[in-house]
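In the working numbering, the protein residues as written are 42 to 480.
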Amino acid sequence: MKPINIGILGLGTVGKGAVEVLQDNAAEISRRLGREINIFMVSSRDTEKARSICPPNTLITNDPFEVVRHPEVDIVAELFGGTDIARKLILEALEHGKHVVTANKKLLAEYGNEIFALAEKNNLMVQFEAAVAGGIPIIKALREGLAANNIQSIAGIINGTSNFILSEMREKGSAFADVLKEAQALGYAEADPTFDIEGHDAGHKITIMSALAFGTPMNFEACYLEGISRLESRDIQYAEELGYRIKLLGITRKTEQGIELRVHPTLVPESRLIANVNGVMNAVRVDANMVGETLYYGPGAGSLPTASSVVADIIDISRLISADSGNRVPHLAFQPTQVQKQRILPIEEITSSYYLRVRVEDKPGVLGRIAGLLADESVSIEALIQKGVQDDSTPEIVILTHSTQEKKVKKAIAAIEDLPFVHKPVVMIRMESLHGRQG
Ligand code: NDP
Ligand code: HSE
42 MKPINIGILG LGTVGKGAVE VLQDNAAEIS RRLGREINIF MVSSRDTEKA
92 RSICPPNTLI TNDPFEVVRH PEVDIVAELF GGTDIARKLI LEALEHGKHV
142 VTANKKLLAE YGNEIFALAE KNNLMVQFEA AVAGGIPIIK ALREGLAANN
192 IQSIAGIING TSNFILSEMR EKGSAFADVL KEAQALGYAE ADPTFDIEGH
242 DAGHKITIMS ALAFGTPMNF EACYLEGISR LESRDIQYAE ELGYRIKLLG
292 ITRKTEQGIE LRVHPTLVPE SRLIANVNGV MNAVRVDANM VGETLYYGPG
342 AGSLPTASSV VADIIDISRL ISADSGNRVP HLAFQPTQVQ KQRILPIEEI
392 TSSYYLRVRV EDKPGVLGRI AGLLADESVS IEALIQKGVQ DDSTPEIVIL
442 THSTQEKKVK KAIAAIEDLP FVHKPVVMIR MESLHGRQG
């Protein structure tokens with residue numbers, strides 16, 4: 042069979058990895074596929090670098106638009122990142138009849154609806170396994186492996202950089218800024234690492250998974266985002282004393298009122314597998330009505346793990362290239378006519394348990410007043426400990442609540458902060474049991 046011609050855009054961390062995987066595993070890949078995959082054309086600003094990396098016959102250009110317009114390119118792998126030029130390139134590739142593979146979660150979460158609509162109009166495939174959780178085949182699991190199920194919820198560690206930072210802070214007491222630099226040097230972080238530490242990258246990924254799980258369009262604007270940058274090491278330590286780990290989780294859950302879609306630091310019981318996922322590793326827990334709970338674990342970032350997913354998509358498209366478009370797996374897992382908007386709940390309407398840390402003056406009756414204000418909002422307390430006096434003579438009270446609606450906790454916090462002997466702000470971190478159906 043005729044080889045499949047690939048055009049690769051960008052030889053950064055992932056692009057270089059894709060070239061390496063395609064070359065090193067060429068024989069094994071063609072054994073699986075029954076045809077060869079040919080690195081036909083590559084665009085890079087550094088054509089010398091490209092020549093030294095790519096096979097001798099590869100056409101090299103520094104104009105990526107030449108790749109997406111070349112009549113002999115079958116599949117374009119967009120490995121630039123960002124939403125400006127990458128969006129133009131993908132739309133142009135689809136206009137020129139090319140199938141597309143991308144690792145670009147930001148682009149899909151923000152412009153996926155436009156991209157998939159054009160691909161469907163032109164009977165083309167856009168595959169994006171590498172866009173969520175790097176090397177873990179979670180897109181395949183959600184779109185195909187779990188197709189018999191009604192998915193209830195997904196919760197995952199889906200930003201390798203943040204997980205790496207939290208793990209190093211907890212295990213080695215390293216400083217936030219030092220670990221971030223290390224994550225950048227290792228190729229884990231986004232070009233702008235704010236996307237990692239402020240929760241945007243995880244937000245892009247949970248938006249994509251939510252759309253696949255519930256058959257909705259991408260709705261990144263409605264995703265609640267809170268990153269790890271304001272997390273204090275003593276909250277990590279107190280959580281640990283109470284039997285919890287703090288992880289940056291992306292969470293989406295179907296409720297009767299709408300869909301929860303959120304990213305934030307979360308206390309997870311240390312006995313859960315996900316609490317023990319460290320470093321750049323990712324893990325995604327899916328709760329589905331027939332299979333129950335499944336967990337997917339693996340490297341969430343890095344050159345070769347991510348390239349493994351990119352090349353799997355190239356292989357997938359190569360297999361399906363001649364299939365009738367009606368028999369392909371739909372982009373968003375559900376038939377395009379069945380993709381339906383659903384209400385995304387504002388963060389005040391979600392249900393969770395909460396960790397609260399309150400700095401107080403050491404006066405009699407303090408605990409009673411705080412407990413009373415929580416009770417006024419029907420927030421019940423699961424555990425309460427008083428921590429020793431801090432540097433500035435203020436003791437701290439740490440409270441774990443039972444599950445309740447967020448707006449009630451926020452109302453109680455506002456009242457607690459108004460007490461004369463309380464030092465603002467009260468620290469609030471959400472908790473998830475990740476156990477059973479309500480996961
Ligand atoms: P890099 O910054 O390492 O590489 C991107 C490459 O794209 C650049 O090196 C450059 O290629 C090319 N490029 C980017 N912008 C331009 C531009 N304006 N003009 C011309 N060329 C450009 O990024 P990564 O490889 O890390 O990421 C690529 C994509 O993969 C992103 O969408 C990212 O979110 C995603 N991703 C990354 C993961 C990772 O672990 N790094 C994991 C999962 C997804 P050249 O140098 O050849 O000119
Ligand atoms: N910056 C991302 C991360 C890369 O740290 O998870 C993988 O998508």
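All C-beta atoms in this analysis are idealised placements derived from N, C-alpha and C, irrespective of residue type, glycine included. As the structure is a computational prediction, the values presented were derived from the model and not from experiment.
Quick check: the Cα distance between residue i and residue j, rounded to an integer number of angstroms?
| i | j | result |
| --- | --- | --- |
| Arg384 | Gly299 | 5 Å |
| Val60 | Thr88 | 14 Å |
| Lys139 | Thr257 | 25 Å |
| Ser363 | Asp357 | 11 Å |
| Ile206 | Ala329 | 30 Å |
| Ser194 | Gly244 | 15 Å |
| Glu458 | Glu133 | 54 Å |
| Ala196 | Val325 | 6 Å |
| Arg72 | Asn66 | 10 Å |
| Val420 | Asp125 | 46 Å |
| Glu175 | His443 | According to the sequence shown, residue 175 is Gly rather than Glu. Using only the alpha carbons, I get a separation of about 34 Å. |
| Ser208 | Glu301 | 26 Å |
| Gly480 | Glu282 | Any reading at Gly480 needs caution, since the residue's pLDDT is 47, under 50, leaving its predicted position unreliable; the model's value is listed next. Gly480 and Glu282: Cα-Cα distance of roughly 23 Å. |
| Thr307 | Glu334 | 19 Å |
| Ser394 | Ile269 | 19 Å |
| Val439 | Gln427 | 6 Å |
| Tyr337 | Asn190 | 16 Å |
| Ile277 | Ala456 | 25 Å |
| Val407 | Val463 | 9 Å |
| His476 | Ile422 | 19 Å |
| Phe169 | His241 | 18 Å |
| Pro44 | Arg313 | 46 Å |
| Leu289 | Ile199 | 8 Å |
| Thr99 | Leu63 | 13 Å |
| Gly228 | Leu345 | 11 Å |
| Phe375 | Ser215 | 44 Å |
| Ala68 | Tyr265 | 45 Å |
| Pro466 | His137 | 55 Å |
| Arg271 | Tyr152 | 29 Å |
| Phe81 | Glu113 | 8 Å |
| Asn103 | Gly343 | 24 Å |
If we count the other Cβ atoms within 10 Å of its Cβ and call it buried at 16 or more, is residue i buried or exposed?
| i | result |
| --- | --- |
| Ala160 | buried |
| Leu52 | buried |
| Asn164 | exposed |
| Met42 | exposed |
| Ser274 | exposed |
| Val83 | buried |
| Lys129 | exposed |
| Thr248 | buried |
| Ser93 | exposed |
| Ala348 | buried |
| Val141 | buried |
| Pro105 | buried |
| Val332 | exposed |
| Asn368 | exposed |
| Asp417 | exposed |
| Arg481 | This structure cannot settle anything about residue 481, because the visible part of the chain is limited to 42 through 480. |
| Glu447 | buried |
| Ser85 | buried |
| Pro97 | exposed |
| Ala218 | exposed |
Check the C-beta distance from residue i over to residue j and give it rounded, since I have them as a contact under 8 Å.
| i | j | result |
| --- | --- | --- |
| Ala226 | Tyr396 | That pair is no contact at about 32 Å. |
| Val351 | Ala118 | 6 Å |
| Gly201 | His111 | With 8 Å as the limit, Gly201 and His111 do not qualify as a contact, their Cβ atoms being about 34 Å apart. |
| Val304 | Asn204 | Going by Cβ atoms, the distance from Val304 to Asn204 rounds to 13 Å, so no, they are not a contact pair. |
| Arg471 | Glu437 | With a Cβ gap of about 19 Å, Arg471 and Glu437 do not count as contacting. |
| Ala188 | Asn145 | The pair is not a contact, with the Cβ atoms about 25 Å apart (cut-off 8 Å). |
| Leu120 | Val55 | 5 Å |
| Ala150 | Met259 | 6 Å |
| Val321 | Pro340 | 6 Å |
Q: At 3 residues or longer, and completely inside the segment 410-460: list those beta strand (DSSP E) runs for me, N to C.
A: For secondary structure counted as the beta strand (DSSP E) over 3 or more consecutive residues, the segment 410-460 holds these complete runs in sequence order: 422-428, 437-442.
Q | Environment of the ligand HSE in chain order, Cβ to heavy atom below 6 Å | A | Here the residues come out as Gly175, Asn200, Gly201, Thr202, Tyr229, Ala230, Glu231, Asp237, Asp242, Gly341, Ala342.
Q | Sequence ranges, alpha helix (DSSP H) only - wholly within the segment 179-218, length at least 4 | A | Listed in chain order, they are 201-213.
Q) Residue ranges of each alpha helix (DSSP H) run of no fewer than 4 residues wholly in the segment 142-181, ordered along the chain? A) Taken in chain order, the whole alpha helix (DSSP H) runs of length 4 or more contained in the segment 142-181 are 146-162.
**Q.** alpha helix (DSSP H) segments (min. 4 residues) lying fully within the segment 279-318
**A.** As for any alpha helix (DSSP H) of minimum length 4 sitting wholly inside the segment 279-318, there is none.
Q) Can you list, in chain order, the stretches of the beta strand (DSSP E) that have 3 or more residues and sit fully within the segment 319-372? A) Listed in chain order, they are 322-329, 333-340.
Q) What are the complete beta strand (DSSP E) segments, minimum 3 residues, inside the segment 51-101? A) The segment 51-101 contains these whole beta strand (DSSP E) runs: 78-84.
**Q.** Within the segment 236-286, ranges of the alpha helix (DSSP H) (whole runs, at least 4 residues)
**A.** Counting only runs of 4 or more, we get 241-255, 274-282.
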